[in-house]
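Engineer: Below is one structure. I have some questions about it.
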Amino acid sequence: MIRTLLLLVSLSTALPAVCQDSLAQIEKRKTTITGTVADLNSKNPLPKATVTLGAKAKAPLSSTLTNDQGRFELAAPDTGTYTLSITAVGYQPYSSEVRITTNSDLGLITLGSATSTLKEVVVKTDKPLIEQKADRLVYNAENDKSTLGGTAADVLRNVPMLSVDGNGNVQLRGSSNIRVLINNRPSSLMATSIADALRQIPADMVKSVEVITSPSAKYDAEGTAGVINIITKKNTLQGVTGSATLVPGNVSTIGNAGLNYRRKQFGLNGTVGTNQFYNRGTTYLERYSYNDKALFIQDGKTRNRSGFINPQLGFDLTLDEKNSIGGGVRFSTSHDYVTNKQVVTNSINGTTTKVSNLDLVNRSNGTGYDFNFDYLRTFKDPQQEFSILTLYSIEDEDNEANQDEFNPSKELSYQQRNLNESRNVEATLQADYTQPLKNKTLFEIGAKTVLRKASSDVDYKSIYPLAGQQIFSENVFSYNQDVWAAYITYTFKMLKKVNVKLGTRYENTGIRADFKTRDFSFNTGYDNLIPSINASYTFKEKHTLRAAFTQRLQRPQLFFLNPYREVIAPQIIRQGNPELDPELSNLYEVSYGTYASSFSINASMYGRTTNNAITSVLSLSNDTSYIRFQNIARNKTYGLSLSGSVKPVKRWSLNGNFNLYHSTLHGGNGTNQGWMYNFFVGSNLDLGKGWFHGFTGSFNSRRVTLQGRMAAFYYHNTHVRKDVLKKRGSVGINLANPFMKGTRVRNNLVTSAFEQMESNINYTRGIRLTLTYRFGTLQQAKPPRKPKKSINNDDALRG
280 MIRTLLLLVS
290 LSTALPAVCQ
300 DSLAQIEKRK
310 TTITGTVADL
320 NSKNPLPKAT
330 VTLGAKAKAP
340 LSSTLTNDQG
350 RFELAAPDTG
360 TYTLSITAVG
370 YQPYSSEVRI
380 TTNSDLGLIT
390 LGSATSTLKE
400 VVVKTDKPLI
410 EQKADRLVYN
420 AENDKSTLGG
430 TAADVLRNVP
440 MLSVDGNGNV
450 QLRGSSNIRV
460 LINNRPSSLM
470 ATSIADALRQ
480 IPADMVKSVE
490 VITSPSAKYD
500 AEGTAGVINI
510 ITKKNTLQGV
520 TGSATLVPGN
530 VSTIGNAGLN
540 YRRKQFGLNG
550 TVGTNQFYNR
560 GTTYLERYSY
570 NDKALFIQDG
580 KTRNRSGFIN
590 PQLGFDLTLD
600 EKNSIGGGVR
610 FSTSHDYVTN
620 KQVVTNSING
630 TTTKVSNLDL
640 VNRSNGTGYD
650 FNFDYLRTFK
660 DPQQEFSILT
670 LYSIEDEDNE
680 ANQDEFNPSK
690 ELSYQQRNLN
700 ESRNVEATLQ
710 ADYTQPLKNK
720 TLFEIGAKTV
730 LRKASSDVDY
740 KSIYPLAGQQ
750 IFSENVFSYN
760 QDVWAAYITY
770 TFKMLKKVNV
780 KLGTRYENTG
790 IRADFKTRDF
800 SFNTGYDNLI
810 PSINASYTFK
820 EKHTLRAAFT
830 QRLQRPQLFF
840 LNPYREVIAP
850 QIIRQGNPEL
860 DPELSNLYEV
870 SYGTYASSFS
880 INASMYGRTT
890 NNAITSVLSL
900 SNDTSYIRFQ
910 NIARNKTYGL
920 SLSGSVKPVK
930 RWSLNGNFNL
940 YHSTLHGGNG
950 TNQGWMYNFF
960 VGSNLDLGKG
970 WFHGFTGSFN
980 SRRVTLQGRM
990 AAFYYHNTHV
1000 RKDVLKKRGS
1010 VGINLANPFM
1020 KGTRVRNNLV
1030 TSAFEQMESN
1040 INYTRGIRLT
1050 LTYRFGTLQQ
1060 AKPPRKPKKS
1070 INNDDALRG
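All residue numbers for the sequence shown refer to this note's numbering, where the first residue is 280 and numbers rise by one.
This is the structure we're talking about:
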């Protein structure tokens, strides 16, 4: 920690002076006018402001929109005097005569806000549903009403390049090795299960979803497929506002409420959400061994009852014109209760040798906390910033797995009691500095440390009542992982029109593992130098070509590392490997995107190679299946992704995406390959008089694994909504999978010794009612400057 503090102090004092003198100025283009548009009070840059250059009594000569940093560049036919006009939503228009010479930079231009008190604020925008930016694809979820009353998992199903199965498991271009952030920040919500975390976030709290397939060196090196960043809605208007939503249904009940307060330099916001989930299904597993011709069958029914509560509180405070702070706390609690009644049959050569009945009960309870505190320092140039960010996260979880086996005479023949207490603690400290240079060049540098400590304490008991035998074992395992990192990026223009971002990131990882039960421990570490390059070319303002290359790292976490032999089901044992190495992948991408007020299109070709992928390997010994993890796979994936949205008429919008890819997997003595695809379609129709209708549907083909294939899956839903109470409330009804009883997931494994088929059905046909109400009086005013950066722990391969 002392090393990091010394580094931060050095950054804060030395970087501004070093960066301003580090690069030579580049000669400006002739007959052009450039500048930066910002808010008058906060000096925040204003993106998407319209800048027009004209002459008296003539039509405008040229116009453009400011970029994300508020910068603009206009071409003039010659030197001379012209009229410059700037307009932005919520601001007073700006107009001034300017004299253009060979090198004309107007510097900082500020706009004053147009303040007015409103009883109700209605924001209308022509922003497309899907936007392609220089380094990411942005899905503007707030413009998609089809997910109202759902969860973040429903939102992600609509996002191009993503696929979400019936259990909420997310894949990006066919890979589940991704990192999901909330507002650019990791969260204890994601520490154990991304699928469970997404069910805790209401859909109507999601503003947008960013898909970053080729992250720059500024991001942590982990997440081999890329980064998904969920941006939640935040109040930016003066006053007090709030909202509440209740969504009762036959498979889940969702509720959430939020309250926002902002007065001058201080803002406070709080939210609370809950999702109570109840479902049932069937399970079936069949395994045949070639050597002894043994057949093992499990056939059962499951019931699931789970729930989450997720409150959070955040604040931001502007200390003065250049200094601001912010922070917050998030708490989450969860419970899960699953019962499974099974009939187990063993046979050899067609002759039944054993039949038993099993009662399985799994309980889990978890709590998580996030605490963050951030500081932001700005300078005269709105792009020049220095920030210090902190984050402390705790995740505790207790899991209990009980099994009771009865013989055909209904006598108790076997009992298993398995209790696992686990904890994951992370402390993060990060510093970033951004220095704008001449001619739209940008220099970024930063440092970060992440200190992780994971622990697991397991008590296992086997009881044979008829034999009077009892076996007890325990496992105590701790795993410390310290990551020290630094990065540097440089953004510049090449050939006057090509934007290039070069970067490199260095990461040092130290590991200390202690398997106390078996008196086994080890210390190790590794260094990684991660390059990245991102180039984009925009022509005619709305067409963008992009090419990118980067490397990504995936560190294994406790689920994959714990060497304890966990009996997860009868005759099925899972065991981790504490000596796993991290995965290292190369990512390549070329894409094209364009958009207008009524449509957007994005197409990309991509490739991904991994030489030491962490793979689960299934083996068979004495009629027992063993699941272990090894660095044995070599994966190659290449594909094509298409996405777009269109408005055929003013009140009707359509969007969809299609992803086709081929994967080749090598590992051990096995090889498998195949083509896969997934597609999505969505429709939103404004019927008038406050009535709306929506439909979404998706299909994912079967997927290739090292030892077999996973089944295809699909879903569809439709909804109708009516605005009431002068648009302050709404009432809706949603039908999920109305034309099918349940979602089937079927997996096949084939080895030289045996073959296995597993089939699970979740009864997902559902109906839910959505009730929403919004309240509060707002004043349209630009919020004060507040920290906009946050910690990105884009790592950790979870189970």
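Every residue gets a Cβ at the ideal spot worked out from N, C-alpha and C, and that includes glycine.
#1: For a test of the three-state rule: what should DSSP assign to Met-484, helix, strand or coil?
#2: Glu-1037 and Leu-655: beta carbons closer than 9 Å?
#3: Please state whether DSSP places Leu-332 in a helix, a strand or coil.
#4: Helix, strand or coil for Glu-858 per DSSP?
#5: Can you tell me whether Lys-689 is buried or exposed? The criterion is at least 16 other CB atoms within 10 Å of its CB, across all chains shown.
#6: Are there 16 or more other CB atoms within 10 angstroms of the CB of Asn-529, so buried, or fewer, so exposed?
#7: So does the segment 536–556 actually touch the segment 1010–1019, counting three or more Cβ pairs closer than 8 Å?
#8: Does DSSP classify Asn-934 as helix, strand or coil?
#9: Along the chain, which unbroken stretches of the beta strand (DSSP E) at least 3 residues long are found entirely within the segment 633–707?
#10: Sorted by chain position, which residues of the same chain lie with C-beta nearer than 7 Å to Val-1029's C-beta, five sequence neighbours on each side aside?
#11: In this structure, does DSSP put Arg-797 in helix, strand or coil?
#12: Report all residues from its chain with a CB closer than 6 Å to the CB of Leu-385; omit the five preceding and five following residues, and keep chain order.
#13: Who are Gly-537's beta bridge partners in DSSP?
#14: Less than 9 Å between the C-beta atoms of Leu-944 and Arg-913, yes or no?
#15: Quick one: using the 10 Å Cβ neighbour count with 16 as the cut-off for buried, is Asp-806 buried or exposed?
#16: Candidates His-614, Lys-601 and Val-449: which alpha carbon is nearest Gln-544's?
#17: By a C-beta neighbour count over all protein chains shown, 10 Å radius and 16 as the cutoff for buried, is Ile-461 buried or exposed?
#18: Assign Tyr-885 to one of two classes, buried (16 or more other C-beta atoms within 10 Å of its C-beta) or exposed (fewer than that).
#19: Within this structure, are the beta carbons of Glu-489 and Arg-609 separated by less than 9 Å?
#20: Quick test of your reading: Asn-625 and Lys-633, contact by CB under 8 Å. State the CB separation rounded to the nearest angstrom.
#21: Alpha carbon to alpha carbon, what distance is there between Val-506 and Glu-868?
#22: Run through the DSSP bridge pairs and tell me what Thr-618 is partnered with.
#23: Which two residues bound the contiguous alpha helix (DSSP H) that contains Ala-892?
#24: Roughly how far, in whole angstroms, is the beta-carbon of Leu-698 from the beta-carbon of Pro-744, given that I think they are within contact range, below 8 Å?
#25: How about the segment 557–571 and the segment 1032–1048: do they share at least three Cβ pairs that are nearer than 8 Å?
#26: Taking the C-alpha atoms as reference points, what is the distance between Asn-648 and Asp-423?
#27: Would you mind listing the beta strand (DSSP E) stretches within the segment 362–391 that are 3+ residues and don't spill past its ends, in chain order?
#28: Relative to the alpha-carbon of Leu-803, which residue among Val-762, Ala-990 and Gly-518 has its alpha-carbon at the smallest distance?
#29: At which residue ranges does the segment 1005–1062 contain complete beta strand (DSSP E) runs of 3 or more residues, listed in the order of the chain?
#30: Using CA atoms only, rank isn't needed, just tell me which of Asp-736, Arg-350, Gln-348 and Ser-383 is closest to Tyr-361.
#31: For Asn-268, which residues does DSSP report across the bridge?
#32: Please name the residue or residues paired with Gln-714 in a DSSP beta bridge.
#33: For my contact list, Arg-436 and Ser-977 are in at a C-beta cut-off of 8 Å; report their separation, rounded to the angstrom.
#34: When we look at the beta-carbon of Thr-524 and count the other beta-carbons within 10 Å, is it buried (16 or more) or exposed?
#35: Using three-state DSSP, classify Asn-957 as helix, strand or coil.
#36: Out of Ser-585, Val-1010 and Met-1019, state which residue places its alpha-carbon closest to the alpha-carbon of Phe-992.
Structural biologist: According to the structure data:
#1: DSSP, reduced to helix, strand and coil, places Met-484 within a helical segment of the structure shown.
#2: no
#3: Leu-332: strand per DSSP, three-state reduction.
#4: coil
#5: Exposed, because fewer than 16 other Cβ atoms sit within 10 Å of the Cβ of Lys-689.
#6: exposed
#7: no
#8: strand
#9: 664–685
#10: Gln-986 and Gly-987
#11: helix
#12: Gly-314
#13: In the DSSP output, where bridge partners are listed per residue, Gly-537 has Ser-522 and Thr-550.
#14: yes
#15: exposed
#16: Lys-601
#17: buried
#18: buried
#19: no
#20: 4 Å
#21: 15 Å
#22: Arg-582 and Val-640
#23: Segment 878–900 is the beta strand (DSSP E) holding Ala-892; no alpha helix (DSSP H) there.
#24: That belief does not hold up - the Cβ atoms of Leu-698 and Pro-744 are roughly 20 Å apart, past 8 Å.
#25: Counting Cβ pairs under 8 Å, three or more are found: they touch.
#26: The sequence given here has Tyr at residue 648, not Asn. For Tyr-648 and Asp-423, the distance between alpha carbons rounds to 31 Å.
#27: 373–379 and 383–390
#28: Contrary to the premise, residue 803 reads as Thr rather than Leu in this sequence. It is Val-762 whose Cα lies nearest to the Cα of Thr-803.
#29: 1008–1015, 1022–1029, 1033–1041 and 1045–1059
#30: Ser-383
#31: As displayed, the chain neither begins before 280 nor continues past 1078, which places residue 268 out of reach and without an answer.
#32: Phe-722
#33: 6 Å
#34: buried
#35: Strand at Asn-957.
#36: Met-1019
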